[in-house]
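The listed protein sequences correspond, in order, to chains A and B.
Numbered per the numbering used here, the first sequence spans residues 354 to 996.
Numbered per the numbering used here, the second sequence spans residues -14 to 168.
Some notes on the structure that comes next.
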Amino acid sequence: MIKLNSPHDLEILRESIVSKRDPNRTCVTVCSGTGCLAYGSHDIFREFRLEIEKQRLGEEVDLRRTGCHGFCGRGPLIVIFPEKICYLGAQKEDVADIVSKTIVDKELVDRLLYKDFETGEQITRIDDIPFYKYQKRILLDNNALIDPEKIDDYIAIGGYSAIAKVLFEWNRDDLIKEIKEANLRGRGGGGFPMGVKWETTRNVPVDPKYVIVNADEGDPGAYMDRSLLEGNPHCVLEGLIIGAYAVGSQEGFIYVRDEYPLALENTKIAIETAREYGLLGENILGSGFDFEITIHRGAGAFVSGESSALMNAVEGRVGEPRPKYIHTSVKGLWDRPTCLNNVETWANVPFIVNKGADWFKSIGTENSKGTKIFSLVGKINNTGLVEVPMGTTLREIVYHIGGGIPNAKKFKAVQTGGPSGGVLPEDMLDIPVDFDALTEAGSMMGSGGMIVMDENTCMVDTARYYIEFLAHESCGKCIPCREGLRQMLRILNSITRGVGKEGDIELLEELGEMMQEASLCALGKTAPNPVLSTIRHFRDEYEAHINEARCPAGVCKELIIYHINPEDCLRCGLCEKNCPTNAISKDEDEVYVINQESCIKCGSCMSVCPEKANAIVVENAFRPPFANDLPKTDVAATTIYST
Amino acid sequence: MKTIELVIDGKKVQAEEGATILEVARENGIYIPTLCHDDQLQPAGTCRMCMVEISNNGRKKLVASCVYEVEENLVVKTDSEKIRKIRRMIVELLWPTVPALAKEFGVDKSRFVPEHTECCLCGLCVRYCAEVKKLNAVYFKGRGIDREIAFVPELADECVYCRECFNLCVGGLIVNQCGSVYS
Ligand SMILES: Cc1cc2nc3c(=O)[nH]c(=O)nc-3n(C[C@H](O)[C@H](O)[C@H](O)COP(=O)(O)O)c2cc1C
Ligand code: SF4
Ligand code: SF4
Ligand code: FES
Chain A
354 MIKLNSPHDL
364 EILRESIVSK
374 RDPNRTCVTV
384 CSGTGCLAYG
394 SHDIFREFRL
404 EIEKQRLGEE
414 VDLRRTGCHG
424 FCGRGPLIVI
434 FPEKICYLGA
444 QKEDVADIVS
454 KTIVDKELVD
464 RLLYKDFETG
474 EQITRIDDIP
484 FYKYQKRILL
494 DNNALIDPEK
504 IDDYIAIGGY
514 SAIAKVLFEW
524 NRDDLIKEIK
534 EANLRGRGGG
544 GFPMGVKWET
554 TRNVPVDPKY
564 VIVNADEGDP
574 GAYMDRSLLE
584 GNPHCVLEGL
594 IIGAYAVGSQ
604 EGFIYVRDEY
614 PLALENTKIA
624 IETAREYGLL
634 GENILGSGFD
644 FEITIHRGAG
654 AFVSGESSAL
664 MNAVEGRVGE
674 PRPKYIHTSV
684 KGLWDRPTCL
694 NNVETWANVP
704 FIVNKGADWF
714 KSIGTENSKG
724 TKIFSLVGKI
734 NNTGLVEVPM
744 GTTLREIVYH
754 IGGGIPNAKK
764 FKAVQTGGPS
774 GGVLPEDMLD
784 IPVDFDALTE
794 AGSMMGSGGM
804 IVMDENTCMV
814 DTARYYIEFL
824 AHESCGKCIP
834 CREGLRQMLR
844 ILNSITRGVG
854 KEGDIELLEE
864 LGEMMQEASL
874 CALGKTAPNP
884 VLSTIRHFRD
894 EYEAHINEAR
904 CPAGVCKELI
914 IYHINPEDCL
924 RCGLCEKNCP
934 TNAISKDEDE
944 VYVINQESCI
954 KCGSCMSVCP
964 EKANAIVVEN
974 AFRPPFANDL
984 PKTDVAATTI
994 YST
Chain B
-14 MKTIELVIDG
-4 KKVQAEEGAT
6 ILEVARENGI
16 YIPTLCHDDQ
26 LQPAGTCRMC
36 MVEISNNGRK
46 KLVASCVYEV
56 EENLVVKTDS
66 EKIRKIRRMI
76 VELLWPTVPA
86 LAKEFGVDKS
96 RFVPEHTECC
106 LCGLCVRYCA
116 EVKKLNAVYF
126 KGRGIDREIA
136 FVPELADECV
146 YCRECFNLCV
156 GGLIVNQCGS
166 VYS
């Protein structure tokens, strides 16, 4: 590889790469994000290579492995350029068909096209699929265009030109001013303005200074940072190098959780190839600016993602938050000024440099600019990564992009902000998603987790689930967080078992307020959110559990029984075969019945009962959780729901 | 060293730059309750009993006074309804492991079911052993609500002779456990 010694060298290289590429040439891209790889996209890629060779099309067709496209629920994804034909859920066996039909004969393979849920209409182009149509994919779009292992692909789409611009045309003050002007706020949780952080770090008269990428991403179910690092690592590197130049740092770290092997691998390759081109290391692009990056593999504790805990971990200590009130931008890694930002925040930087603060500010709301990536999961038709302008309403995300709730169920709530975020009910679906509106509504932006819940979700159980997670993921160092979570979990456990007491709701609220005020770090300060927000919006569910030992959603095991409706039962015996505790048998009338004493409420019978029968019903029945009390099956049974 | 002026509970006081609110308050005879603090040890900021209200340029917030360093023109309130509520709640959460504080705050029962009866996890023993004794014979094991105090078995023999952290122990666990480890 040649070393690039000036912006001119970079431009020449880019032109030579682009000149060898014909934009009208057919290019098959196979998504190789973690989701699609799990669905077998690696085999599909290999099959394409063989098939293209077999049909002697190597001269006319390019084949490319790319990063995550985001529509992970429908993978593996194949997009064929220049028409942008999108095939979903293809298998190895489909490859020959795609090559002969679509590539050679220019015909579509109908069975692999997207079909609209309601109209059944087929959609050919990726951009026309509603999941994509309503998004604004600034950061994610490039994932679909480049092979993350090939730096040339990134350079071909204008990559690293932002570095050339800041190193040779701007001074540091211009750069910081531009980022401040853009009002880019941190995507990792707090929403702190990046430019202000840069300025603080830069102005501390202490050297050396450090810059860090936070790719700990500990929220269960969230994977936007992983997809960016896996799919377009150079963009994050470019942002980091620009930030390093702005604050005057020569050493940077990328803290990646160990559970992300592909992100680690692609980042490593990106660092090596950038160094070979002279875009990293000594004398970057001949500018005299030196900068090195080290990857730090994180052990993956949720709390290690907190800024000061992360710095402790990089220093080789226990990854627990520091109690000091001094900002890490002043005294961070090894007590030196350190600028730490989230993956997505860094990835925005090259775009702002290239297109300007005014362009960036034209997207979003008054105080939240640009786009935000969410990982949309749960009870939703289209799961995947969604990038939208700040200010998009939850309703647009859930219904237009997400395609609504599956199985004709009703929407109940959406949880945003990760484990310590809050839930928002139906009547809040029209709030614009931005930092301030979500906080005001009792939830938060967090790093962008978004979990949709349908009517069969118990909100007390949901709160209990998050509190249990946090109770084990807190570092346990400060009393409000550790003891507060311990007692919250005890109380929620008793409520979901039907032995909650009057006054429990008020006690949870009092405890939650204390934790928000007194905890040492943001984990403890935000940990009560799941409880406080569910109480705020679904207080009646708490009351039903406490006052009537009833779970309105029919979820809490101690409060329900499964029952077979003899009139609907087809006598097929599937439930009997699938019951793990042999609790189901025939009675003298040949009807299947559940022995409530051995039933463990696993729900297996309900999931195997044929749709045309739907004979299994869930009924309220409070069963005292302690001692050997027999179930009170004589409670007036009211059906909550059937399959 | 630069001298800093601030106001604590209405009293104008002077302090050296880098001192914490707690240190300055104590020098001036102003009481702030603490649990995890000990003059021999680095402040840990973990019990949150020492929370005080500060305001600077009109903005109010609650901070742990044992780790917050004084600032020019800071106005500190060491007691208020809100602060008392937090402290009482902390004592209630630690019930029954902190008898002295319980008495001080008039807490004679708790609305919570305690899971620890001998240890409030203040960490004084751990920090004393690490910072003063430089032995690291006791340590925190586990994370979150699973956190507990544990001995390094190879070093526990020493504890029997040392016993220096015993009089720091609030809950009594160290005293009781050390006996059982030895036997
Ligand atoms: C418990 C906890 C976990 C966190 N985990 C992450 C994380 O996984 N990734 C991240 O970028 N920020 C995380 N944060 C936020 C960081 O502390 C920090 O604010 C952020 O990385 C700063 O970058 P930003 O300004 O670009 O968002 C976490 C915070 C807390 C309190
Ligand atoms: S708030 Fe929780 S996670 Fe943060 S320091 Fe306290 S115990 Fe640790
Ligand atoms: S054993 Fe004693 S000194 Fe050690 S943490 Fe527990 S209460 Fe504190
Ligand atoms: S004395 Fe424990 S937090 Fe300050």
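All C-beta atoms, glycine included, are put in the ideal place defined by N, C-alpha and C.
Keep in mind that this is a model prediction, so the values were computed, not measured.
message: Does the CB of Lys878 (chain A) have a neighbour CB from chain B at under 8 Å?
response: Judged by the 8 Å Cβ criterion, Lys878 (chain A) is not in contact with chain B.
field: Beta carbon shell of ligand 1 at less than 6 Å from a heavy atom
entry: Around ligand 1, the residues selected by a Cβ distance under 6 Å to any of its heavy atoms are A:Gly539, A:Arg540, A:Gly541, A:Gly542, A:Gly543, A:Phe545, A:Asn567, A:Asp569, A:Glu570, A:Gly571, A:Phe655, A:Val656, A:Gly658, A:Glu659, A:Ser660, A:Leu693, A:Asn694, A:Asn695, A:Thr698, A:Ser800, A:Cys874, A:Ala875, A:Leu876, following chain order.
Lys763 (chain A) classed as buried or exposed, judged by whether at least 16 other C-beta atoms fall within 10 angstroms: Note on Lys763 (chain A): under 16 other CB atoms within 10 angstroms of its CB, so exposed under the neighbour-count rule.
- prompt: Would a check of beta-carbon distances place Ala49 (chain B) closer than 8 Å to chain A?
  reply: Yes - at least one Cβ of chain A is within 8 Å of the one on Ala49 (chain B).
- request: Quick one: using the 10 Å Cβ neighbour count with 16 as the cut-off for buried, is Pro905 (chain A) buried or exposed?
  value: Flag for Pro905 (chain A) reads buried.
- prompt: Do Met803 (chain A) and Val776 (chain A) have their C-beta atoms closer together than 8 Å?
  reply: No, the Cβ-Cβ distance between Met803 (chain A) and Val776 (chain A) is not below 8 Å.
- request: Would you check if the distance between the CB atom of Leu140 (chain B) and the CB atom of Ala122 (chain B) is smaller than 8 Å?
  value: Yes, the pair counts as a contact, with Cβ atoms nearer than the cut-off.
message: How far does the alpha helix (DSSP H) with Ser682 (chain A) in it extend, from its first residue to its last?
response: For Ser682 (chain A), no alpha helix (DSSP H) segment is defined, and its DSSP state is neither H nor E.
- prompt: Contact check, Gly851 (chain A) vs Glu894 (chain A) under 8 Å by CB: the rounded distance?
  reply: With a contact defined as Cβ atoms closer than 8 Å, Gly851 (chain A) and Glu894 (chain A) miss out at about 13 Å.
- prompt: So which of B:Arg44, B:Asp93, B:Asp64, B:Ala29 has the shortest CA-CA distance to Ala10 (chain B)?
  reply: Closest by alpha carbon: B:Asp64.
Option nearest Thr553 (chain A) by Cα separation, candidates A:Ala599, A:Ile937, A:Glu870, A:Trp699: The shortest C-alpha separation from Thr553 (chain A) is found at A:Ala599.
field: Coil, strand or helix - Leu747 (chain A) by DSSP
entry: Helix, per DSSP.
field: Rounded C-alpha distance that separates Lys985 (chain A) from Glu950 (chain A)
entry: Caution is warranted here: a pLDDT of 39 is assigned to Lys985 (chain A), below 50, making its placement in the model unreliable, and the coordinate value is therefore given only provisionally. Looking at the backbone, the Cα of Lys985 (chain A) and that of Glu950 (chain A) are separated by about 10 Å.
task: Can you list the residues near ligand 4, meaning Cβ strictly closer than 7 Å to any non-hydrogen atom, in the order they appear in the chain?
output: Listed by chain position, these are B:Leu7, B:Thr19, B:Leu20, B:Cys21, B:His22, B:Pro28, B:Ala29, B:Gly30, B:Thr31, B:Cys32, B:Arg33, B:Met34, B:Cys35, B:Ala49, B:Ser50, B:Cys51, B:Val52.
Inter-residue CB distance, Glu502 (chain A) and Asn619 (chain A) (contact presumed, cutoff 8 Å): Rounded to whole angstroms, the Cβ separation of Glu502 (chain A) and Asn619 (chain A) is 6 Å, and the two are in contact under 8 Å.
- prompt: Counting contacts by CB-CB distance shorter than 8 Å, is Ile71 (chain B) in contact with chain A?
  reply: Yes, its Cβ sits closer than 8 Å to a Cβ of chain A.
message: Given the structure, does Pro435 (chain A) come close to ligand 2, in the sense that its CB is under 7 Å from one of the ligand's heavy atoms?
response: No; taking the cut-off as 7 Å, the Cβ of Pro435 (chain A) has no heavy atom of ligand 2 nearer than that.
- request: Identify the contact partners of Phe97 (chain B) in chain A, using a Cβ-Cβ distance below 7 Å as the criterion.
  value: The answer, in chain order, is Gln840.
field: Beta-bridge pairing of Gly352 (chain A) - partner residues as DSSP gives them
entry: Not covered by the structure: residue 352 (chain A). The range shown for chain A is 354 to 996.
field: Residues sharing a beta bridge with Val609 (chain A), DSSP
entry: For Val609 (chain A), which the question treats as bridged, DSSP gives the partners A:Ala568, A:Arg650.
task: Indicate whether at least one CB of chain B lies closer than 8 Å to the CB of Cys962 (chain A).
output: Residue contact with chain B for Cys962 (chain A): absent (no Cβ-Cβ distance below 8 Å to any residue of chain B).
message: Here's the rule I'm using: 16 or more other beta-carbon atoms within 10 Å means buried, otherwise exposed. How should Trp1041 (chain A) be labelled?
response: The structure shown does not extend to residue 1041 (chain A), since chain A is modelled only from 354 through 996, so no value can be given for it.
field: Terminal residues of the alpha helix (DSSP H) in which Thr477 (chain A) lies
entry: Secondary structure note for Thr477 (chain A): it is in no alpha helix (DSSP H), with a DSSP letter that is neither H nor E.
message: Per DSSP, what are the beta-bridge partners of Cys439 (chain A) in this structure?
response: Note: Cys439 (chain A) sits in a beta bridge opposite A:Val432.
- request: State whether the region 856 to 870 of chain A contacts the region 787 to 797 of chain A, with contact taken as three or more CB pairs (one from each stretch) at a distance under 8 Å.
  value: As far as the Cβ criterion goes, the region 856 to 870 of chain A does not touch the region 787 to 797 of chain A, which means the pair count is below three.
- prompt: Just to confirm, does Pro881 (chain A) get its C-beta within under 7 Å of one of the non-hydrogen atoms of ligand 2?
  reply: No, the Cβ of Pro881 (chain A) stays beyond 7 Å of every heavy atom of ligand 2.
field: Euclidean distance between Cα positions of Tyr392 (chain A) and Lys67 (chain B)
entry: Approximately 55 Å, taken between the alpha carbons.
query: Is there at least one Cβ from chain A nearer than 8 Å to Thr82 (chain B)'s Cβ?
result: Not a single C-beta of chain A is nearer than 8 Å to the C-beta of Thr82 (chain B).
message: My assumption, with CB atoms under 8 Å, is that Leu706 (chain A) sits in contact with Val589 (chain A). Please give the rounded CB distance.
response: Here residue 706 (chain A) is Val; the residue named in the question, Leu, does not match the sequence. In fact, because the Cβ distance is near 14 Å, the residues do not count as touching under 8 Å.
message: Here's the rule I'm using: 16 or more other beta-carbon atoms within 10 Å means buried, otherwise exposed. How should Tyr16 (chain B) be labelled?
response: Tyr16 (chain B) should be labelled exposed.
message: Taking 7 Å as the cut-off, is the beta-carbon of Glu997 (chain A) closer than that to any non-hydrogen atom of ligand 2?
response: What the structure shows of chain A is the stretch from 354 to 996, and residue 997 (chain A) is not part of that stretch, so it cannot be assessed.
message: Counting C-beta neighbours from all protein chains within 10 Å, is the total for Phe979 (chain A) 16 or more, i.e. buried, or is it exposed?
response: Note that Phe979 (chain A) has pLDDT 43, beneath the 50 cutoff, so the model's placement of it is unreliable and no number is given.
field: Three or more C-beta pairs below 8 Å linking the region 665 to 683 of chain A and the region 507 to 517 of chain A
entry: Contact between the region 665 to 683 of chain A and the region 507 to 517 of chain A is absent, because fewer than three Cβ pairs lie under 8 Å.
CA nearest to the CA of Pro933 (chain A), picked from A:Ile716, A:Cys955, A:Gly926: Among A:Ile716, A:Cys955, A:Gly926, the Cα nearest to that of Pro933 (chain A) is on A:Cys955.
Contained beta strand (DSSP E) runs [length at least 3] in the region 889 to 918 of chain A, N- to C-terminal order: Taken in chain order, the unbroken stretches of beta strand (DSSP E) that lie wholly in the region 889 to 918 of chain A and span 3 residues or more are 913 to 917.
query: Should the region 714 to 722 of chain A be regarded as contacting the region 734 to 747 of chain A, the criterion being three or more beta carbon pairs within less than 8 Å?
result: The region 714 to 722 of chain A and the region 734 to 747 of chain A touch, with no fewer than 3 CB-CB distances between them shorter than 8 Å.
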